[in-house]
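Engineer:
Residue numbers (the working numbering), protein chains in the order written: chain A, -5 to 231; chain B, 3 to 187.
1. Can you give me, in chain order, the residues of the region 72 to 86 of chain B that have a beta carbon less than 7 Å from any beta carbon in chain A?
2. State buried or exposed for residue 148/B, treating a residue as buried only when at least 16 other CB atoms are found within 10 Å of its CB.
3. For residue 84/A, decide whether its Cβ has a neighbour in chain B, counting only Cβ atoms nearer than 8 Å.
4. Which residues bound the alpha helix (DSSP H) around residue 103/A?
5. When we look at the beta-carbon of residue 69/B and count the other beta-carbons within 10 Å, is it buried (16 or more) or exposed?
6. What three-state label does DSSP hand residue 10/B in the structure shown?
7. Note down, in chain order, every chain B residue with its Cβ under 9 Å from the Cβ of residue 157/A.
8. I want to know whether the region 5 to 12 of chain A touches the region 23 to 31 of chain A - three or more CB-CB distances under 8 Å.
9. Candidates 172/A, 187/A and 180/A: which alpha carbon is nearest residue 205/A's?
10. Contact between the region 115 to 123 of chain B and the region 167 to 187 of chain A: three or more CB pairs below 8 Å?
11. Can residue 101/A and residue 71/A be called in contact, C-beta distance under 8 Å?
12. Using only the alpha-carbon positions, how far apart do residue 87/A and residue 155/A sit?
13. Do the CB positions of residue 128/A and residue 56/A come within less than 8 Å of each other?
14. With a cut-off of 8 Å, do at least 3 Cβ pairs link the region 57 to 69 of chain B to the region 131 to 140 of chain B?
15. Count the other C-beta atoms from every protein chain shown that fall within 10 angstroms of the C-beta of residue 109/B, then say buried if there are 16 or more, exposed otherwise.
16. Does the structure place the region 124 to 139 of chain A close enough to the region 27 to 41 of chain A that three or more beta carbon pairs sit under 8 Å?
17. Would DSSP call residue 26/A helix, strand or coil?
18. In or out: residue 63/A buried (at least 16 other Cβ within 10 Å) or exposed?
19. Any idea which residues DSSP pairs residue 214/A with across the strands?
20. Under 6 Å Cβ to Cβ from residue 73/A, same chain only, skipping five residues before and after it: list those, please.
What follows is the structure, encoded as structure tokens:
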């Protein structure tokens, strides 16, 4: 109904209006409730900046997200339910081998110029392993048929929490504690087969925000940068 | 052609058939999903269903679905917790036979059967509902590198390993552990 009543007869350029600063970077959002043009387009724009060695915490969202890497490079982990865990390397090159590598790979290298598509409800995280900041801009397609909630962009964080005061600053976008916090500690401990102490610890809100600093850097398997470069060169224009 | 297509369309699929179960756990229960692969007519309806049976004190692992679900308890009773995106519990209570409950899309849910078990049917607003879990064989945490889990939760390697692996041989249905034999519902 809203889209039908949209006329787009007065447009203006806008920048993000809210900023949630965490120890490892920031998430900037545009309050769509105040912007008729974005409401009409049915999308919520956002910008995320990660400092070197920063980890943007795992989350899933109610909308499909289309992102573009403005600067920097890093690793993107996308967790599809039922797929093999973490990164599986393959020495095969080209043909079938290349295809199977793409299907099973859970950690992808992203860098400036890459466009990334993430479906709704699929958990993902981002890590800046470069020596400069990593910045992405994205739209959350709130009017997409995959979103069956309201037209608000809703990230469901699996860890961390928004710093104090961020909830109010985020305007229409609701970001608070991680979803594990919502479960009874005893239930969580039993479900995960862990001690109550560990369960309590993972529920804790460190108030360090949505992007955390990784002191000694993450060591994890994944496609090395030089392989990635060769891949790009081979793809050509 | 349209008449032929609709007139001969299969419209029935039995969700109680234990041999058709997608998940079966001894002492835990079973889960039968009815999606567009099992019943192609659901493609046009864009709806699906899940039939769940939990044995006494068994648990349905914390998880979320890519669609809304409307659950109806057909037998027994249990405790259900539903958490929304800000980490706030929007439902925490006992459910019993005859009750409906809406589980909004992507909201995390955990179920624990009471002493008589818990049986339900859920109707989903997707013909191919996909469930992500926080524990078990297909846990999203297990699918992340250990270092990501360690840094995300600020825990040591052992705790991260426990978190990712302690229930790795289990599925969405968790049989009761010895220390959790008593129902809390």
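All C-beta atoms, glycine included, are put in the ideal place defined by N, C-alpha and C. What you are looking at is a predicted structure, and each value in this text was computed from that prediction instead of being measured.
Structural biologist: The answer reads as follows:
1. 83 and 85
2. On the second chain, position 146 is the one that residue 148/B refers to. Classification of residue 148/B: buried, given that the 10 Å Cβ count is 16 or more.
3. Residue mapping note: residue 84/A aligns to position 90 of the first chain, counting from 1. Residue confidence is low: residue 84/A scores 45 on pLDDT, short of 50, so the model does not pin down where it sits. No coordinate-derived value is stated.
4. Within the first chain, residue 103/A is the residue found at index 109, counting from 1. Unbroken run through residue 103/A is the beta strand (DSSP E), 101 to 105; no alpha helix (DSSP H).
5. For the purposes of this step, residue 69/B is taken as residue 67 along the second chain, with counting starting at 1. Flag for residue 69/B reads buried.
6. By 1-based counting over the second chain, the position of residue 10/B is 8. Three-state result, residue 10/B: coil.
7. Here the question's residue 157/A lines up with position 163 in the first chain. Near residue 157/A there are no residues of chain B at all, since even the closest Cβ is about 14 Å away, more than 9 Å.
8. yes
9. Against the first chain, residue 205/A aligns to sequence position 211. It is 172/A whose Cα lies nearest to the Cα of residue 205/A.
10. no
11. Here residue 101/A refers to the residue found at position 107 when the first chain is read from its first residue. Here residue 71/A refers to the residue found at position 77 when the first chain is read from its first residue. Against a cut-off of 8 Å, the Cβ pair of residue 71/A and residue 101/A comes out as a contact.
12. Position 93 of the first chain, counting from 1, holds the residue named residue 87/A. Position 161 of the first chain, counting from 1, holds the residue named residue 155/A. The predicted model places residue 87/A with a pLDDT of 44, which falls under 50 and marks its position as unreliable, so this point remains unresolved.
13. Start at 1 with the first residue of the first chain, and residue 128/A comes out as number 134. Start at 1 with the first residue of the first chain, and residue 56/A comes out as number 62. The answer is no: Cβ separation not under 8 Å.
14. yes
15. Sequence index remark: in the second chain, residue 109/B carries index 107 (1-based). Buried, because 16 or more other Cβ atoms sit within 10 Å of the Cβ of residue 109/B.
16. yes
17. Translated into the one-based positions of the first chain, residue 26/A becomes position 32. Note: residue 26/A maps to helix in three-state DSSP.
18. Here residue 63/A refers to the residue found at position 69 of the first chain. Counting Cβ neighbours within 10 Å, residue 63/A comes out buried, since at least 16 surround it.
19. Stepping through the first chain from its first residue, residue 214/A is reached at position 220. Partner(s): none; residue 214/A has no beta bridge.
20. Walking along the first chain from the start, residue 73/A turns up at place 79. Counting only Cβ-Cβ distances below 6 Å, and skipping sequence neighbours, we find 117.
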